[in-house]
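**Q** First, the structure itself, so that you have it in front of you.
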Amino acid sequence: MRRTAFALAFALALAPRAAEAEEIAVIVHRERAVSLDADELAQIYLKQRRYWKDGARIVPLNHAASSPLREAFTRAVLALTPAQLSRYWSRQYFEGVQPPATLASDEAVLRFVASEKRAIGYVHASAVNASVRVVLRLQSEAPAQR
Numbered sequence: 016m017r018r019t020a021f022a023l024a025f026a027l028a029l030a031p032r033a034a035e036a037e038e039i040a041v042i043v044h045r046e047r048a049v050s051l052d053a054d055e056l057a058q059i060y061l062k063q064r065r066y067w068k069d070g071a072r073i074v075p076l077n078h079a080a081s082s083p084l085r086e087a088f089t090r091a092v093l094a095l096t097p098a099q100l101s102r103y104w105s106r107q108y109f110e111g112v113q114p115p116a117t118l119a120s121d122e123a124v125l126r127f128v129a130s131e132k133r134a135i136g137y138v139h140a141s142a143v144n145a146s147v148r149v150v151l152r153l154q155s156e157a158p159a160q161r
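If you're matching positions, the sequence shown starts at 16 in this note's numbering and goes up one per residue.
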């Protein structure tokens, strides 16, 4: 029995830890020729930068507040916890600034970005297809389990 428990623990220790890290793909419409770094992306998602270089209004998209992908994106790009981000948007609301629109899934973000040239979103890298263009890939640790 002890040997079986040890073997199981050893196997789990060597197993890939996909749940601990995930790659996030930041996507735009496939015709949008843009390159971004993490700082520029943070400015977009905090609504400090609101227009593309061609003058079009940027339409940033978020996942639901309870989404582990959104938490990972928020930590990786904005270096904020969900509570800190919530406080930020509470302050911005009183200045008339609304947070990015929220969509429910990778599929919804992909469809919206594929159909709207002004949009920018993020999805699990494994969900990306030819309908959009990846402008940045982020390696992020998964948020702590609650």
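Note that beta-carbon positions come from the ideal geometry of N, C-alpha and C, so glycine has one too.
Quick check on Val138: does DSSP put it in helix, strand or coil?
**A** Translated into positions along the sequence shown, residue 138 becomes position 123. Strand.
**Q** Exposed or buried, what is Leu151 when buried is set at 16 or more other beta-carbons lying within 10 Å of its beta-carbon?
**A** Translated into positions along the sequence shown, residue 151 becomes position 136. By the 10 Å Cβ count, Leu151 comes out buried.
**Q** Give me the Cβ distance between Ala129 and Val112, rounded to the nearest whole Å; I'm assuming they're in contact under 8 Å.
**A** Here residue 129 refers to the residue found at position 114 of the sequence shown. Here residue 112 refers to the residue found at position 97 of the sequence shown. With a Cβ gap of about 27 Å, Ala129 and Val112 do not count as contacting.
**Q** Rounding to the nearest angstrom, what Cα-Cα distance links Leu23 and Gly136 in this structure?
**A** Here residue 23 is taken as the residue at index 8 of the sequence shown, counted from 1. Here residue 136 is taken as the residue at index 121 of the sequence shown, counted from 1. Confidence is the limiting factor: at Leu23 the pLDDT is only 39, short of 50, which leaves the residue's position unreliable, though a coordinate-based value still follows. Taking the straight line joining both Cα atoms gives about 40 Å.
**Q** Within the continuous alpha helix (DSSP H) that includes Leu93, where are the two ends?
**A** Residue numbering aside, residue 93 sits at position 78 when the sequence shown is read from its first letter. Premise fails: Leu93 is in no alpha helix (DSSP H) and is neither H nor E.
**Q** Count Cβ pairs between the stretch 81-96 and the stretch 52-67 that sit closer than 8 Å; are there 3 or more?
**A** Counting Cβ pairs under 8 Å, three or more are found: they touch.
**Q** Just to confirm, is the Cβ distance from Val124 to Leu76 under 8 Å?
**A** Residue numbering aside, residue 124 sits at position 109 when the sequence shown is read from its first letter. Residue numbering aside, residue 76 sits at position 61 when the sequence shown is read from its first letter. Yes, they are a contact pair.
**Q** Please report the residue range of the alpha helix (DSSP H) in which Ala57 lies.
**A** Taking the sequence shown and counting its residues from 1, the one referred to as residue 57 is at position 42. That run of the alpha helix (DSSP H) goes Ala53 to Tyr60.
**Q** Only counting the same chain, and skipping five residues up and downstream in sequence, which positions put a Cβ closer than 6 Å to that of Leu51?
**A** Along the sequence shown, read from residue 1 onward, the residue named residue 51 stands at position 36. Result list for Leu51: Val150 and Leu151, in chain order.
**Q** Could you tell me which of Phe88, Pro83 and Val49 sits nearest to Gly70, measuring between CA atoms?
**A** As a working note, residue 70 is residue 55 in the sequence shown. Nearest C-alpha to Gly70: Val49.
**Q** I need the straight-line Cα distance from Arg133 to Glu46, nearest angstrom please.
**A** Taking the first residue of the sequence shown as position 1, residue 133 is located at position 118. Taking the first residue of the sequence shown as position 1, residue 46 is located at position 31. So the two alpha carbons sit approximately 10 Å from each other.
**Q** Between the C-alpha atoms of Ala142 and Gln99, what's the straight-line distance to the nearest angstrom?
**A** Counted from its first residue, the sequence shown places residue 142 at position 127. Counted from its first residue, the sequence shown places residue 99 at position 84. If I take the Cα positions, the gap works out to 28 Å.
**Q** Relative to the C-alpha of Ala79, which residue among Asp121, Asn144 and Glu110 is closest?
**A** For this step, residue 79 is matched to residue 64 along the sequence shown. Of the candidates Asp121, Asn144 and Glu110, the one whose C-alpha sits nearest the C-alpha of Ala79 is Asp121.
**Q** Can you tell me which of the three DSSP states Pro83 falls into?
**A** Walking along the sequence shown from the start, residue 83 turns up at place 68. Looking at Pro83 - three-state DSSP - the assignment turns out to be helix.
**Q** Identify whether Gln63 lies in helix, strand or coil by the three-state DSSP scheme.
**A** Translated into the one-based positions of the sequence shown, residue 63 becomes position 48. Residue state, collapsed to three classes: coil.
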